[in-house]
Structure formats: structure tokens, C-alpha cells
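>
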Amino acid sequence: MKLYENLGSAVRDAPGGSQRIATIGFFDGVHRGHQALLEELKAWAAEVNGESVVVTFREHPQAVLGAHPPVPVVSLEHRILLLEREGVGSVLVLDFDERIRSLAPEEFVRSVLVDGLGVGGLLMGFDSAFGNRRLGTFDYLEEKRDELGLEIRSAAAELLGDAAVSSTRVREAVANWNFSGLEKLLGHPFSIMGRVVKGDGRGRQLGFPTANLALPGVSVPPPGVYFCDVLCLGGRPHARHSWPDLSGENRPDGFFRGVMNIGRRPTLTEGKEAATGSSYDPDVDTVEVHLLDYEGDLYGQSLEVFVLSMHRGEKKFAGVEELTAQIESDVRARRG
């Protein structure tokens with residue numbers, strides 16, 4: 002997959018003699034609704050022997066529109082990785098700034114898609130709208146298709162139960178830690194991705210070294226101890242081109258089983274444990290992962306943590322010995 006950080010780089014790399022087929026959206030979480038749209042996008046591109054292109058935005062448009070933006074399901078870096086795994090040809094990341102905001106839909110289509118990217122077809126989600134005042138709906142653009150010089154199609158909604166799969170439903174499932182619901186919405190285990198930063202080394206002192214993850218404002222499950230699978234992505238998280246098989250015997254390089262702690266470490270900090278079901282608070286909670294049977298230095302690397310199940314809630318123990326005994330029990334349970 003080709004990644005373009007701005008329109009200029011995408012224009013310079015436009016394929017000669019073939020057209021691009023594009024879709025536009027934030028694609029937060031790349032859930033099953035997004036996946037169905039991307040499958041249709043790739044099929045259309047194959048029809049015309051062209052390239053599938055996803056146009057997305059660095060920040061949530063609501064942050065610029067003055068509304069209170071939702072906490073993203075995943076970071077931009079993680080979103081790009083998930084899009085790559087879906088097999089799209091290229092991704093263009095735009096800054097949703099005042100210039101983009103003020104463009105009429107037809108101006109956006111002409112300047113960015115047609116003249117910029119050489120797009121011959123635009124696939125819109127069932128509820129897609131873009132441009133100034135979100136006038137750029139399928140019906141609006143369909144009336145202008147000849148004027149704009151491109152074909153426009155609309156994808157159907159992907160339903161789960163009696164409602165469309167959406168990023169809002171994914172965020173709600175994370176907050177409530179509805180594990181079965183999350184996997185149904187995503188079509189795969191929920192994962193968080195972060196870069197390993199230095200901690201205080203207390204886990205290593207206890208005999209269970211942990212990787213401390215820096216998470217840039219994304220959806221995180223409530224405080225507690227979780228069983229997980231961990232994929233070490235190194236310094237280039239976009240190098241994984243397909244979904245890893247985490248269930249079979251041929252697991253990818255860099256795969257480890259793990260135990261993750263999300264919370265306030267009340268035994269070590271002498272603070273109060275998080276209440277059961279409370280929301281993750283980035284100001285007071287940490288995310289630490291112990292990788293079973295791993296030896297080495299993870300600092301600076303990106304880890305993708307697939308959250309499998311909650312093992313127990315956060316608890317304040319009487320002392321370090323009791324905490325260590327509980328961690329030993331948690332690790333034994335993870336080994337099965």
C-alpha cells in the first residue's frame with residue numbers, strides 16, 4: 002500500500018493510463034461496515050484495471066467544526082495499518098483545515114479527486130456527506146456527475162442486528178467492555194496500538210517486566226487485568242500487509258501471549274484502586290503489558306495488543322508480596 006501524507010505527493014505519483022477509484026471518510030476503527038465498503042471499492046477498481054484510493058483525514062472533522070469530537074477508536078497510525086490490512090491500493094491523509102472545510106462539495110471533488118488524484122469513480126458510504134455544510138451527499142453529487150466528470154456509486158449499510166455498524170457503536174462497546182459485541186462489530190479481536198516508553202521499572206523488579214504503552218488519545222477498555230495477544234511491529238508499524246493469523250499454529254514473527262494491566266497500580270502508588278467499570282483516564286491510568294517468554298528491549302517499538310478477555314478488576318493488595326503472588330497467578334492462568 003502507498004501512503005501519501007499530502008495531496009501533492011499523491012498527484013506526483015498518479016498512475017499513468019489508468020484511473021483511480023476513491024472513497025472518502027474518517028474510517029475510525031475500520032469496522033465491518035468500513036470493510037464491506039472497501040471490498041466494494043477494490044472490486045470496482047479491479048473492474049477498470051485501476052487503483053483503489055482511500056482519502057481520509059488526520060484529525061476528526063468535528064474538531065475543526067467546533068463540535069466536541071469523539072475519542073477515536075484508534076490512532077491515525079493504527080488506522081493506516083488497519084486500512085493496509087484491508088488491501089487498498091493507497092491512502093491519502095489530508096489535514097481537515099479551514100480551507101478543506103470551506104470547499105463546496107463539487108470544489109472538493111474537482112480539486113482533490115478529479116484534477117488532483119485522477120479519480121474516475123467515487124464510492125460513497127450509505128451515510129456519507131462531505132464539503133461545506135455537509136452538502137456533498139450521494140444524491141447531491143449524483144445530479145452533478147456529468148458536470149464533475151466521474152461516476153458515483155453508493156454502498157449499502159452493513160447491519161448488525163437491526164442497526165448499521167458504526168464507529169459510535171464500537172466506542173460504546175469499548176467503554177462497556179462488551180467483548181462479544183466488539184468482535185462482531187469489528188470482525189476481528191479489538192486491538193490497541195502504542196509505542197513503548199520507559200516506565201519506573203517496578204515490573205522488572207517484581208520479576209514480571211512490562212512494556213509501558215504511550216497511547217495518543219484513543220479508546221481504551223476500563224481499568225483491569227486483561228488477557229491479550231501481542232504483535233511486535235518494530236519501528237515501522239505499516240510493514241504488516243495482511244491480517245496476522247493469531248489463532249493457528251503458523252503465528253507471525255513477533256507474536257507473544259500477554260497479560261495487560263490498565264489502571265492506577267494502587268499497591269505500588271499507595272493510591273485508591275479504580276472503581277469497577279470506571280472509564281480509562283489517561284491522566285491517572287497506565288497501560289502495561291507483560292509479554293510471556295519475551296527477552297529483549299522493546300523501547301521505541303510499536304506494539305499491537307489484541308484484547309481477548311478481562312481476567313479481573315483492579316485491586317489494591319496489602320503489599321508487594323501479595324501483589325507478586327497475584328501476578329504469578331494471572332500469568333499461570335494466561336498460560337492455560
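Position in the sequence shown (from 1) plus 1 gives the number in our numbering.
Positions of the beta carbon are idealized from the N, C-alpha and C atoms, including for glycine.
Figure out for me which residue from Leu292, Val231, Leu83, Gly225 has the closest Cα to the Cα of alanine 276.
Gly225
> With a threshold of 8 Å on Cβ separation, who are the neighbours of aspartate 246 within its own chain once the five nearest residues in sequence on each side are excluded?
Arg252, Pro253
> Determine the direct distance from the alpha carbon of aspartate 286 to that of glutamate 148, and round the result to whole angstroms.
Taking the straight line from one Cα to the other gives about 53 Å.
> Give me the Cβ distance between arginine 265 and glycine 272, rounded to the nearest whole Å; I'm assuming they're in contact under 8 Å.
5 Å
> So what's serine 303 in DSSP terms, helix, strand or just coil?
strand
> Can you confirm whether the segment 164-181 touches the segment 50-70 when touching is taken to mean that 3 or more C-beta pairs between the two stretches lie within less than 8 Å?
no
> Given this structure, state the Cα-to-Cα distance separating valine 75 from isoleucine 328, to the nearest angstrom.
28 Å
> From what residue to what residue does the alpha helix (DSSP H) around threonine 287 run?
Threonine 287 -> not in any alpha helix (DSSP H); beta strand (DSSP E) instead, spanning 287-292.
> I need the boundaries of the alpha helix (DSSP H) containing glutamate 78, first residue and last residue.
77-86
> Given 8 Å as the limit, is there contact between the segment 150-166 and the segment 115-132, that is, 3 or more CB pairs closer than that?
yes
> With 16 as the cutoff for other CB atoms within 10 Å, does histidine 291 come out buried or exposed?
That one is buried.
> Output the residue ranges of the beta strand (DSSP E) runs that lie fully inside the segment 63-149 and measure 3 residues or longer, sorted by chain position.
Runs of the beta strand (DSSP E) lying entirely within the segment 63-149, each at least 3 residues long, are 91-95, 120-125 in chain order.
> Taking leucine 216 as the reference, give the member of Met194, Gln206, Leu95, Arg203 with the closest Cα.
Here the closest residue by C-alpha is Met194.
> Can you tell me the Cα-Cα spacing of proline 62 and serine 303, whole angstroms?
Whole-angstrom Cα-Cα distance: 26 Å.
> Between serine 168 and glycine 30, how many whole angstroms is the CB-CB distance? I'm expecting something under 8 Å.
5 Å
> What residues in its chain sit with their C-beta under 6 Å from that of proline 210, if we drop five residues either side in the sequence?
Gly204
> What are the boundary residues of the alpha helix (DSSP H) that includes valine 49?
Counting along the chain, valine 49 falls outside any alpha helix (DSSP H), and DSSP gives it neither H nor E.
> Roughly how many whole angstroms lie between the Cα atoms of valine 221 and lysine 145?
42 Å
> Of the choices Val113, Leu142, Gly88, whose alpha-carbon is the least far from that of arginine 100?
Val113
> With contact counted as at least three CB pairs below 8 Å, one residue from each stretch, are the segment 104-112 and the segment 84-96 in contact?
no
> Take alanine 37 and list the residues in its own chain whose beta-carbon comes closer than 6 Å to its own, dropping the five residues that flank it on each side.
Glu159.
> Where does glutamine 389 land, buried or exposed, given buried means 16+ other C-beta within 10 angstroms?
What the structure shows of the chain is the stretch from 2 to 337, and residue 389 is not part of that stretch, so it cannot be assessed.
> With a Cβ-Cβ cutoff of 8 Å, do tyrosine 281 and proline 223 count as a contact?
Yes, Cβ-Cβ distance for tyrosine 281 and proline 223 is below 8 Å.
> For tryptophan 1, count the other beta carbons within 10 Å of its own beta carbon; 16 or more makes it buried, fewer makes it exposed. Which is it?
The question about residue 1 has no answer, for the chain in this structure spans 2 to 337.
> Go ahead and label histidine 69 buried or exposed: buried means 16 or more other beta carbons lie within 10 angstroms of its beta carbon, across all protein chains shown.
exposed
> Considering aspartate 331, what are the terminal residues of the alpha helix (DSSP H) in which it resides?
321-336 is the span of the alpha helix (DSSP H), which, as asked, contains aspartate 331.
> Quick one: does the C-beta of alanine 156 sit closer than 7 Å to a heavy atom of the ligand SAM?
The ligand SAM is absent from the structure shown, which contains no ligand whatsoever.
> What does a CB cutoff of less than 8 Å around tyrosine 300 pick up in its chain, not counting 5 residues either side in sequence?
Val197, Val198, Lys199
> Whole angstroms is fine: what's the gap from threonine 138's alpha carbon to phenylalanine 307's?
36 Å
> If valine 12 sits next to glycine 117, beta carbons under 8 Å apart, how far is it from one beta carbon to the other, in whole angstroms?
With 8 Å as the limit, valine 12 and glycine 117 qualify as a contact, their Cβ atoms being about 5 Å apart.
> Would you tell me roughly how many angstroms separate the C-alpha atoms of lysine 317 and glycine 278, rounded to the nearest one?
16 Å
> Does DSSP classify histidine 189 as helix, strand or coil?
coil
> Straight-line CA distance for arginine 33 to leucine 187?
5 Å
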